[in-house]
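Down below is the structure, laid out as structure tokens.
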Amino acid sequence: MSFSKITQVFRRTVFPTHFVTPRVQRLRSPRSDLFQLSFSRTYNITYWELYEENERLKRERNEMLDGYNKFKALQKEKQEGTATLFAGKSIPIGKGHFDRIVNGGCTFIDKTSLIAEFIESNSDVSLVVRPRRFGKTTNLTMLKEFFSIPIYPDNENYRRELFRDTKITERSCLLDSHFCKYPVIFLSLKGFDACDTWLKMKALLCQELASLYKEHGYINDILDDYEKLRFNKILSGDFEHEVIIKSLEHLSKYLRTYHRRRCIVLVDEYDHPMEIAYRYQYYEEARGFFSSLFGALLKDNDENLEKALLVGVSRITKSGYLSGLNNLNVFPMYVDKYATQFGFTEDEISILLQHCDKKERLNEVKEWYDGYRAGNGICLYNPWSINQFIDTNTLDAHWVDTGGTATIKKLLWHSTKDFKKKTLTLLKKGAIDVEILKDIDYNTLSPRASDVIWTLLYYGGYLTMNEDKNLCIPNMEVFTEWKGWLNNRISSNPDKMLEMLLQCNLTKFEEELPTRIMESLSYLDTIDSNLAYHFLMIGILSPVRYHNYELLSNREAGEGRFDVRIVPITENVIYPISIIMEFKVYKKNEKIIDNDEYGDEDEDKTEHWLRKKSEEALAQIVERKYHTGIKTTKLVECGIAFRGKRACVSSRVLHKEGDHWIEDEKKAK
Numbered sequence: 001m002s003f004s005k006i007t008q009v010f011r012r013t014v015f016p017t018h019f020v021t022p023r024v025q026r027l028r029s030p031r032s033d034l035f036q037l038s039f040s041r042t043y044n045i046t047y048w049e050l051y052e053e054n055e056r057l058k059r060e061r062n063e064m065l066d067g068y069n070k071f072k073a074l075q076k077e078k079q080e081g082t083a084t085l086f087a088g089k090s091i092p093i094g095k096g097h098f099d100r101i102v103n104g105g106c107t108f109i110d111k112t113s114l115i116a117e118f119i120e121s122n123s124d125v126s127l128v129v130r131p132r133r134f135g136k137t138t139n140l141t142m143l144k145e146f147f148s149i150p151i152y153p154d155n156e157n158y159r160r161e162l163f164r165d166t167k168i169t170e171r172s173c174l175l176d177s178h179f180c181k182y183p184v185i186f187l188s189l190k191g192f193d194a195c196d197t198w199l200k201m202k203a204l205l206c207q208e209l210a211s212l213y214k215e216h217g218y219i220n221d222i223l224d225d226y227e228k229l230r231f232n233k234i235l236s237g238d239f240e241h242e243v244i245i246k247s248l249e250h251l252s253k254y255l256r257t258y259h260r261r262r263c264i265v266l267v268d269e270y271d272h273p274m275e276i277a278y279r280y281q282y283y284e285e286a287r288g289f290f291s292s293l294f295g296a297l298l299k300d301n302d303e304n305l306e307k308a309l310l311v312g313v314s315r316i317t318k319s320g321y322l323s324g325l326n327n328l329n330v331f332p333m334y335v336d337k338y339a340t341q342f343g344f345t346e347d348e349i350s351i352l353l354q355h356c357d358k359k360e361r362l363n364e365v366k367e368w369y370d371g372y373r374a375g376n377g378i379c380l381y382n383p384w385s386i387n388q389f390i391d392t393n394t395l396d397a398h399w400v401d402t403g404g405t406a407t408i409k410k411l412l413w414h415s416t417k418d419f420k421k422k423t424l425t426l427l428k429k430g431a432i433d434v435e436i437l438k439d440i441d442y443n444t445l446s447p448r449a450s451d452v453i454w455t456l457l458y459y460g461g462y463l464t465m466n467e468d469k470n471l472c473i474p475n476m477e478v479f480t481e482w483k484g485w486l487n488n489r490i491s492s493n494p495d496k497m498l499e500m501l502l503q504c505n506l507t508k509f510e511e512e513l514p515t516r517i518m519e520s521l522s523y524l525d526t527i528d529s530n531l532a533y534h535f536l537m538i539g540i541l542s543p544v545r546y547h548n549y550e551l552l553s554n555r556e557a558g559e560g561r562f563d564v565r566i567v568p569i570t571e572n573v574i575y576p577i578s579i580i581m582e583f584k585v586y587k588k589n590e591k592i593i594d595n596d597e598y599g600d601e602d603e604d605k606t607e608h609w610l611r612k613k614s615e616e617a618l619a620q621i622v623e624r625k626y627h628t629g630i631k632t633t634k635l636v637e638c639g640i641a642f643r644g645k646r647a648c649v650s651s652r653v654l655h656k657e658g659d660h661w662i663e664d665e666k667k668a669k
């Protein structure tokens with residue numbers, strides 16, 4: 001073999017043209033060490049040493065090919081249904097931008113089909129409404145990376161690496177027509193939380209606009225003197241009203257002139273400024289300003305605008321700053337379009353858990369994080385919660401700790417009697433029939449506007465639609481937030497109270513409940529007393545729903561209707577016990593007691609009345625056979641009497657012998 005031939009073989013061996021570059025493999029493969037080579041050696045060797053080196057490199061190449069083929073096989077295994085996963089070395093915690101996720105070597109789900117769905121849509125201006133932490137920012141930054149014309153031509157290759165092997169690369173015609181072909185205006189309206197005055201919000205917005213202009217500073221050369229003056233005013237943070245409200249429209253014109261292509265506009269968290277403005281009571285000023293700013297950009301700007309996509313949490317279109325747009329199409333979660341593009345689907349969760357060696361916990365994950373129902377009946381999971389679970393290996397309320405509930409909390413506990421009744425139904429794992437408004441008007445937002453509050457709760461992710469189009473709490477994570485809202489008013493830890501009952505620690509329960517009533521009832525004085533006490537007790541007991549118990553209320557059993565009954569759903573419970581409760585509530589103008597032996601003090605009479613009524617309630621459980629159908633061999637019965645902020649509990653523990661319930665001699669302490 002001639003030296004030249006060996007050299008040619010050597011070159012073909014060292015530089016195989018069909019290899020994927022080492023950088024990309026580090027992004028895609030958990031076995032990236034197989035692909036890390038250095039070609040910077042200096043060779044000073046003999047013919048035979050070169051031959052041996054060539055043979056060694058051939059073996060090395062074959063090993064790499066084996067590793068690469070295994071990796072490709074692994075990738076194919078990581079496809080389930082319509083889901084595709086790119087395996088990385090970590091979960092994207094704290095990384096919201098698409099390029100940071102890919103370049104950071106993170107595992108991610110392929111959502112690039114959104115690109116085609118967006119660009120092929122008939123809608124010129126689209127609004128997608130989804131709850132917090134549903135992947136909106138990641139998707140918007142992905143669209144920016146795909147569509148935007150690189151400032152430096154070499155960046156196009158970098159962009160191609162970001163999308164290598166993703167679904168969108170299978171659409172070659174779409175790639176040729178749209179990849180890196182548009183000027184993109186990307187504006188994030190996050191970060192206004194500290195703006196407690198309109199002046200602060202306006203100043204922060206001017207900073208955002210200045211950053212946007214600076215990003216596109218390369219277009220300055222094509223501007224005339226007057227346009228340069230306006231351009232520089234924005235860069236300097238000029239507060240002149242006319243300059244600011246026309247800034248986005250003018251930027252779209254400058255970009256279209258420079259690139260000879262119309263612009264794509266992407267707006268993240270479009271509704272956040274309005275929520276902050278409502279909270280700090282300068283809503284009208286903010287609405288008027290943003291209406292002028294975005295109206296100029298998105299309405300009657302066909303010459304400069306190709307398409308626009310806005311994302312946010314709430315639907316404030318007719319009453320908000322988008323009210324003047326007649327070319328706007330809104331896509332909430334319950335419609336089919338974009339249904340699978342935001343949030344994780346069942347297939348995507350399955351493949352992700354499998355990759356992270358947590359597939360055996362799928363049922364637990366479903367219980368905690370499943371339940372959001374989108375168009376076509378598709379079930380969705382919150383990506384933030386799933387990623388946090390994988391990262392911490394803890395089933396917990398990760399999503400609800402991310403904030404964003406200030407407006408809801410302000411309204412929730414000052415709402416109407418009907419609202420609180422429906423809340424009781426939700427806490428008992430029921431569903432409610434309420435109308436979701438097509439639009440939210442912050443001007444009408446008040447504790448009395450129940451329909452607006454239900455709509456806010458739905459769009460915020462605290463409720464979802466079931467198969468019958470009724471609203472319910474989607475999963476245990478969100479239920480934890482509902483419970484938290486109630487428990488903030490109930491002071492102490494309700495799980496402790498529940499534990500006392502399940503452990504038959506009734507002496508402690510009888511001591512603790514009256515204190516809890518004393519601390520908790522003042523905020524419920526807007527509703528009738530029966531409902532108030534019922535509301536409180538359901539709040540204390542409702543956590544059993546997610547520990548394989550069923551919480552029933554006001555149902556028929558035996559010869560009457562019990563107030564509360566708790567029974568295990570399966571045998572796989574820590575405490576195989578049932579609980580029955582009956583309530584007695586003081587009625588207005590009811591005589592407490594006539595007997596003078598209790599003196600004139602109302603305190604003494606009330607104490608006697610409470611004790612007497614709690615014992616009557618306990619006796620009623622037996623008399624009306626509320627225990628009918630109980631399958632456990634252990635039972636706790638509680639009779640509870642209420643008057644004002646006072647309560648008294650009479651209780652007992654029973655065990656079953658044959659067909660009879662026998663009372664235990666001593667209560668646990």
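The numbering of the sequence shown is UniProt numbering, which starts it at 1 and goes up by one. C-beta atoms are modelled at their ideal positions from N, C-alpha and C, and glycine is treated no differently. Only a predicted model underlies this, so the values are computations on that prediction, with no experimental measurement involved.
Inter-residue Cα distance where the pair is residue i and residue j
{"i": "T317", "j": "R287", "result": "11 Å"}
{"i": "H547", "j": "L471", "result": "22 Å"}
{"i": "G135", "j": "D221", "result": "37 Å"}
{"i": "I569", "j": "L352", "result": "30 Å"}
{"i": "A203", "j": "R279", "result": "18 Å"}
{"i": "G558", "j": "E623", "result": "9 Å"}
{"i": "T394", "j": "G324", "result": "46 Å"}
{"i": "E360", "j": "S651", "result": "41 Å"}
{"i": "A308", "j": "K190", "result": "18 Å"}
{"i": "E284", "j": "D396", "result": "39 Å"}
{"i": "G377", "j": "T340", "result": "11 Å"}
{"i": "V311", "j": "K613", "result": "56 Å"}
{"i": "L426", "j": "S172", "result": "49 Å"}
{"i": "F147", "j": "K181", "result": "6 Å"}
{"i": "K299", "j": "Y321", "result": "12 Å"}
{"i": "I473", "j": "T107", "result": "30 Å"}
{"i": "F231", "j": "N304", "result": "17 Å"}
{"i": "E161", "j": "A374", "result": "32 Å"}
Proximity of residue i and residue j at Cβ, strictly below 8 Å
{"i": "F331", "j": "S188", "result": "no"}
{"i": "H534", "j": "L618", "result": "no"}
{"i": "E477", "j": "W384", "result": "no"}
{"i": "residue 685", "j": "S252", "result": "Nothing can be reported for residue 685: it is not among the residues displayed for the chain, which extend from 1 to 669."}
{"i": "D124", "j": "T84", "result": "no"}
{"i": "V636", "j": "L506", "result": "yes"}
{"i": "L266", "j": "L140", "result": "yes"}
{"i": "T464", "j": "Y372", "result": "yes"}
{"i": "E227", "j": "Y254", "result": "yes"}
{"i": "F509", "j": "L501", "result": "yes"}
{"i": "V564", "j": "S553", "result": "yes"}
{"i": "residue 687", "j": "L174", "result": "Shown here, the chain extends from 1 to 669; a query on residue 687 therefore has no answer."}
Collapsed DSSP secondary structure at residue i in the structure displayed
{"i": "S188", "result": "strand"}
{"i": "residue 671", "result": "Here the chain has residues from 1 to 669 only, and residue 671 is not among them."}
{"i": "G312", "result": "strand"}
{"i": "K58", "result": "helix"}
{"i": "G326", "result": "The question names Gly, but residue 326 is Asn in the sequence shown. The answer is coil: DSSP assigns N326 none of H, G, I, E or B."}
{"i": "H660", "result": "strand"}
{"i": "G237", "result": "coil"}
{"i": "E550", "result": "strand"}
{"i": "residue 671", "result": "In this structure the chain extends from 1 to 669, so residue 671 is not present and cannot be described."}
{"i": "E306", "result": "strand"}
{"i": "C472", "result": "strand"}
{"i": "E367", "result": "helix"}
{"i": "C180", "result": "coil"}
{"i": "R565", "result": "strand"}
{"i": "F163", "result": "coil"}
Nearest-angstrom Cβ-Cβ length linking residue i and residue j, presumed shorter than 8 Å
{"i": "V452", "j": "S314", "result": "In fact, because the Cβ distance is near 10 Å, the residues do not count as touching under 8 Å."}
{"i": "L235", "j": "A194", "result": "24 Å between Cβ atoms; not a contact."}
{"i": "G94", "j": "G105", "result": "Not really, about 14 Å apart at Cβ, beyond 8 Å."}
Residue i classed as buried or exposed, judged by whether at least 16 other C-beta atoms fall within 10 angstroms
{"i": "T197", "result": "exposed"}
{"i": "R28", "result": "Any answer about R28 is weak, because its pLDDT of 36 lies below 50 and its placement is not dependable; what the coordinates show is given next. By the 10 Å Cβ count, R28 comes out buried."}
{"i": "N475", "result": "buried"}
{"i": "L229", "result": "exposed"}
{"i": "E275", "result": "buried"}
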